[in-house]
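Student: Below you will find the structure I want to go over with you.
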Amino acid sequence: MSAAAVSAGDEQLLRYVLRLGDLSLVLGQRLGEWVGHSPALEEDLGLANIALDLIGQARFFLGYAGEIEGRGRGEDEIAFLREHSEYCNPTLAEQPNGDFGQTIVRQVLIDAFQLELYEGLISSADERLAAVAAKAVKETRYHLRYSSGWLVRLGDGTAESHTRVQAALQRLWPYTTELFAADAVDEAMTERGVAPSLAALEKSWSSRIGAVLAEATLERPADRPYSWYGKQGQHSEHLGYMLTEMQYLQRTYPGARW
Amino acid sequence: MEDKNQWPLYEVFVRARGGLDHKHTGSLHAADARMAIEHARDLYTRRQEGVSLWVVRSTDITASDPTDADSLFEPARDKVYRHPTFYEIPDEVKTL
Numbered sequence: 001m002s003a004a005a006v007s008a009g010d011e012q013l014l015r016y017v018l019r020l021g022d023l024s025l026v027l028g029q030r031l032g033e034w035v036g037h038s039p040a041l042e043e044d045l046g047l048a049n050i051a052l053d054l055i056g057q058a059r060f061f062l063g064y065a066g067e068i069e070g071r072g073r074g075e076d077e078i079a080f081l082r083e084h085s086e087y088c089n090p091t092l093a094e095q096p097n098g099d100f101g102q103t104i105v106r107q108v109l110i111d112a113f114q115l116e117l118y119e120g121l122i123s124s125a126d127e128r129l130a131a132v133a134a135k136a137v138k139e140t141r142y143h144l145r146y147s148s149g150w151l152v153r154l155g156d157g158t159a160e161s162h163t164r165v166q167a168a169l170q171r172l173w174p175y176t177t178e179l180f181a182a183d184a185v186d187e188a189m190t191e192r193g194v195a196p197s198l199a200a201l202e203k204s205w206s207s208r209i210g211a212v213l214a215e216a217t218l219e220r221p222a223d224r225p226y227s228w229y230g231k232q233g234q235h236s237e238h239l240g241y242m243l244t245e246m247q248y249l250q251r252t253y254p255g256a257r258w
Numbered sequence: 259m260e261d262k263n264q265w266p267l268y269e270v271f272v273r274a275r276g277g278l279d280h281k282h283t284g285s286l287h288a289a290d291a292r293m294a295i296e297h298a299r300d301l302y303t304r305r306q307e308g309v310s311l312w313v314v315r316s317t318d319i320t321a322s323d324p325t326d327a328d329s330l331f332e333p334a335r336d337k338v339y340r341h342p343t344f345y346e347i348p349d350e351v352k353t354l
């Protein structure tokens, strides 16, 4: 990739790329919390594989963000040494794992979003983002296959599993509005041909999710007015605790390598 | 009787690359065949070990009885003429 492809100091592009990277990073870290605690050994590996895919995506995005920023920060500094309010993930990604059902609900909602997003980014005017999306879309297709398979099993499973995932869906649904709430950054990216329009994504996301919920015999919760701003750095109480654990090693042993 | 608290066991067969046969690689627990394929993908192909997967319920496999080994396999021991060692194998044949 030529150096000219990187538009150093492009604030809006930087912001947008951080959002992409932080979504994958935070969700990957959350899934990583399941390692050693999953309901079955097989699921332990399944969730860890998805977590590693997501962290791989985050590395590309955050490394690129460092180049755009042009202050010499690499992916590790950006991933591990920023403050709470500098993370740009949508608030849904940082929500706690809860029980396995709640983790699956969060995963389905985000997998379907990332799938639409990456399918759109493949034709991005930004070559770097297009290249990452082309790779990530294959991973994400599998993530959604895995998570939606589980959602159908749990939703259309026992009375207990149905009640639990329906409750998780009620709890997490309000956070989905933020995924599609376009601000100045999103609008500028769409205008420049860098990002797909969020309004278009919402339509296809909504019908995809609708089909999964129907198969899972789950009731689609009512939409709520927009009230979360994680993309702008205003997070729920949960992100701070997660970052404390995630950043511990880099902050205690700066530059540690192994 | 099947244990209701445990998913049934599946045997996993992985084809390493096109042209080779599926080889038994291990086993795993899964609720059904679809889940078994997903688990097999996550457990046995995460380091690019394969291009195709088969899964089969372990209970669907009929195995020979080890106590029958004498009558099943011993008689073949002294019949060396059954080995096709009289043919020259062309260099191009890699996986015979």
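Line by line, the protein sequences give chains Z and S. Okay, so the first sequence: first residue is 1 according to this note's numbering, each after it adds one. Okay, so the second sequence: first residue is 259 according to this note's numbering, each after it adds one. Glycine is no exception: its CB is placed at the ideal position from the N, C-alpha and C atoms.
1. Using DSSP with H/G/I as helix, E/B as strand and the rest coil, what is Leu-218 (chain Z)?
2. Short of 8 Å in beta carbon distance, which residues of its chain neighbour His-238 (chain Z), apart from the five on each side in sequence? Order them along the chain.
3. Can you list the residues of chain Z that Leu-267 (chain S) reaches, using a CB-CB cut of under 9 Å?
4. According to the Cβ coordinates, are Lys-231 (chain Z) and Arg-19 (chain Z) closer than 7 Å?
5. Please list, in chain order, all residues of the same chain as Thr-177 (chain Z) whose beta carbon is under 8 Å from its beta carbon, the five residues on each side excluded.
6. Pull up the distance between the alpha-carbon of Arg-153 (chain Z) and that of Pro-342 (chain S), whole angstroms please.
7. With DSSP as the reference, please indicate the residues paired to Val-314 (chain S) in a beta bridge.
8. Helix, strand or coil: how does DSSP classify Gln-234 (chain Z) here?
9. Alpha carbon to alpha carbon, how far is Thr-244 (chain Z) from Ala-112 (chain Z)? Give it in angstroms, no decimals.
10. Taking the alpha-carbon of Lys-135 (chain Z) as reference, which of Z:Ile-122, Z:Tyr-146 and Z:Arg-106 has the nearest alpha-carbon?
11. Short of 6 Å in beta carbon distance, which residues of its chain neighbour Phe-80 (chain Z), apart from the five on each side in sequence? Order them along the chain.
12. In whole angstroms, give me the CA-to-CA distance for Ala-211 (chain Z) and Ser-161 (chain Z).
13. Mind listing, in chain order, the continuous alpha helix (DSSP H) runs of no fewer than 4 residues lying wholly within the segment 322–353 of chain S?
14. Which chain Z residues sit within Cβ distance under 7 Å of Leu-301 (chain S)?
15. When the distance is taken between beta carbons, is Val-105 (chain Z) closer than 7 Å to Tyr-64 (chain Z)?
16. Might you give, ordered along the chain, the residues of its own chain that have their beta carbon closer than 8 Å to the beta carbon of Gln-12 (chain Z), omitting 5 neighbours on each side?
17. What residue range does the alpha helix (DSSP H) around Leu-129 (chain Z) cover?
18. Are the beta-carbon atoms of Asp-22 (chain Z) and Tyr-87 (chain Z) separated by less than 7 Å?
19. In the segment 122–146 of chain Z, which residues sit with their C-beta less than 7 Å from some C-beta in chain S, listed in chain order?
20. For His-280 (chain S), write down the residues that DSSP places opposite it in a beta bridge.
21. Does the segment 205–220 of chain Z touch the segment 259–274 of chain S, meaning 3 or more C-beta pairs lie closer than 8 Å?
22. Considering only their Cβ atoms, is the gap separating Ala-58 (chain Z) from Leu-25 (chain Z) smaller than 7 Å?
23. I need the DSSP call for His-162 (chain Z), collapsed to helix, strand or coil.
24. Please compile the residues from chain S whose C-beta is within a distance smaller than 9 Å of the C-beta of Gly-149 (chain Z).
25. Alpha carbon to alpha carbon, what distance is there between His-235 (chain Z) and Tyr-142 (chain Z)?
26. For Tyr-248 (chain Z), which three-state DSSP category applies?
27. Please confirm if Leu-311 (chain S) has its CB atom under 7 Å from at least one CB of chain Z.
28. If I measure Cβ to Cβ from Ala-334 (chain S) and keep anything under 8 Å in the same chain, skipping five residues before and after, which residues do I get?
29. Taking only beta-carbon positions, decide if Asn-49 (chain Z) is within less than 7 Å of chain S.
30. Taking the alpha helix (DSSP H) that Tyr-16 (chain Z) belongs to, which residues open and close that run?
31. Along the alpha helix (DSSP H) that carries Thr-303 (chain S), what are the first and last residues, could you check?
32. Can Arg-171 (chain Z) and Gly-101 (chain Z) be called in contact, C-beta distance under 7 Å?
33. So what does DSSP say about Leu-45 (chain Z), is it helix, strand or coil?
Tutor: From the atom records:
1. Residue mapping note: residue 218 (chain Z) aligns to position 218 of the first sequence, counting from 1. Coil at Leu-218 (chain Z), not helix or strand.
2. Taking the first sequence and counting its residues from 1, the one referred to as residue 238 (chain Z) is at position 238. Within the same chain, His-238 (chain Z) has close Cβ partners Glu-94, Gln-95 and Pro-96.
3. Here residue 267 (chain S) is taken as the residue at index 9 of the second sequence, counted from 1. Within chain Z, no residue comes near Leu-267 (chain S); the closest Cβ sits about 11 Å away, beyond 9 Å.
4. Residue numbering aside, residue 231 (chain Z) sits at position 231 when the first sequence is read from its first letter. Residue numbering aside, residue 19 (chain Z) sits at position 19 when the first sequence is read from its first letter. The answer is yes: Cβ separation under 7 Å.
5. For this step, residue 177 (chain Z) is matched to residue 177 along the first sequence. Asp-223, Arg-224, Pro-225, Tyr-226, Ser-227 and Trp-228, listed in sequence order.
6. Residue 153 (chain Z) sits at position 153 when you count from the first residue of the first sequence. Residue 342 (chain S) sits at position 84 when you count from the first residue of the second sequence. Approximately 52 Å, taken between the alpha carbons.
7. Position 56 of the second sequence, counted from the first residue, corresponds to residue 314 (chain S). DSSP lists S:Glu-269 as partners of Val-314 (chain S).
8. Within the first sequence, the letter at position 234 stands for residue 234 (chain Z). In this structure, Gln-234 (chain Z) counts as strand in the three-state DSSP scheme.
9. Taking the first residue of the first sequence as position 1, residue 112 (chain Z) is located at position 112. Taking the first residue of the first sequence as position 1, residue 244 (chain Z) is located at position 244. The straight-line gap from Cα to Cα measures roughly 28 Å.
10. The residue labelled residue 135 (chain Z) in the question sits at position 135 within the first sequence. The shortest Cα separation from Lys-135 (chain Z) among Z:Ile-122, Z:Tyr-146 and Z:Arg-106 belongs to Z:Ile-122.
11. For the purposes of this step, residue 80 (chain Z) is taken as the residue at position 80 of the first sequence. The residues are Gln-247 and Gln-250.
12. Working through the first sequence from its first residue, we reach residue 211 (chain Z) at position 211. Working through the first sequence from its first residue, we reach residue 161 (chain Z) at position 161. So the two alpha carbons sit approximately 19 Å from each other.
13. 327–331
14. To locate residue 301 (chain S), count along the second sequence from 1; it is residue 43. Residues of chain Z passing the Cβ test: Glu-42 and Leu-45.
15. Taking the first sequence and counting its residues from 1, one reaches residue 64 (chain Z) at position 64. Taking the first sequence and counting its residues from 1, one reaches residue 105 (chain Z) at position 105. No, the Cβ-Cβ distance between Tyr-64 (chain Z) and Val-105 (chain Z) is not below 7 Å.
16. Position 12 of the first sequence holds residue 12 (chain Z). The residues are Ala-184, Val-185, Ala-188 and Met-189.
17. Residue 129 (chain Z) sits at position 129 when you count from the first residue of the first sequence. Here the alpha helix (DSSP H) through Leu-129 (chain Z) covers 127–155.
18. Counted from its first residue, the first sequence places residue 22 (chain Z) at position 22. Counted from its first residue, the first sequence places residue 87 (chain Z) at position 87. Against a cut-off of 7 Å, the Cβ pair of Tyr-87 (chain Z) and Asp-22 (chain Z) comes out as a contact.
19. Tyr-146
20. Reading the second sequence from its first residue, position 22 is the one you call residue 280 (chain S). His-280 (chain S) is bridged to S:Arg-273.
21. no
22. Numbered from its first residue, the first sequence carries residue 25 (chain Z) at position 25. Numbered from its first residue, the first sequence carries residue 58 (chain Z) at position 58. The answer is yes: Cβ separation under 7 Å.
23. Taking the first sequence and counting its residues from 1, the one referred to as residue 162 (chain Z) is at position 162. Three-state result, His-162 (chain Z): helix.
24. What you label residue 149 (chain Z) is simply residue 149 of the first sequence in a count that begins at 1. Ordered by position in chain S, the residues that pass the 9 Å Cβ test against Gly-149 (chain Z) are Arg-292, Met-293 and Glu-296.
25. Counting from 1 along the first sequence, the entry for residue 142 (chain Z) is found at position 142. Counting from 1 along the first sequence, the entry for residue 235 (chain Z) is found at position 235. Those two C-alpha atoms are separated by around 29 Å.
26. Counting from 1 along the first sequence, the entry for residue 248 (chain Z) is found at position 248. Here Tyr-248 (chain Z) sits in helix by DSSP.
27. In the second sequence, the residue the question calls residue 311 (chain S) occupies position 53. No, Leu-311 (chain S) lies away from the interface with chain Z (no Cβ there is under 7 Å from its Cβ).
28. For this step, residue 334 (chain S) is matched to residue 76 along the second sequence. Taken in chain order, the residues that qualify are Arg-340.
29. Numbered from 1 along the first sequence, position 49 holds the residue referred to as residue 49 (chain Z). Answer yes: the Cβ-Cβ gap between Asn-49 (chain Z) and chain S drops below 7 Å somewhere.
30. Reading the first sequence from its first residue, position 16 is the one you call residue 16 (chain Z). Looking at the DSSP string, the run of the alpha helix (DSSP H) that includes Tyr-16 (chain Z) is 11–32.
31. Looking up residue 303 (chain S) in the second sequence gives position 45. Unbroken run through Thr-303 (chain S): none, as it is neither H nor E.
32. Here the question's residue 171 (chain Z) lines up with position 171 in the first sequence. Here the question's residue 101 (chain Z) lines up with position 101 in the first sequence. No. Outside cutoff.
33. One-based indexing of the first sequence puts residue 45 (chain Z) at position 45. Helix at Leu-45 (chain Z).
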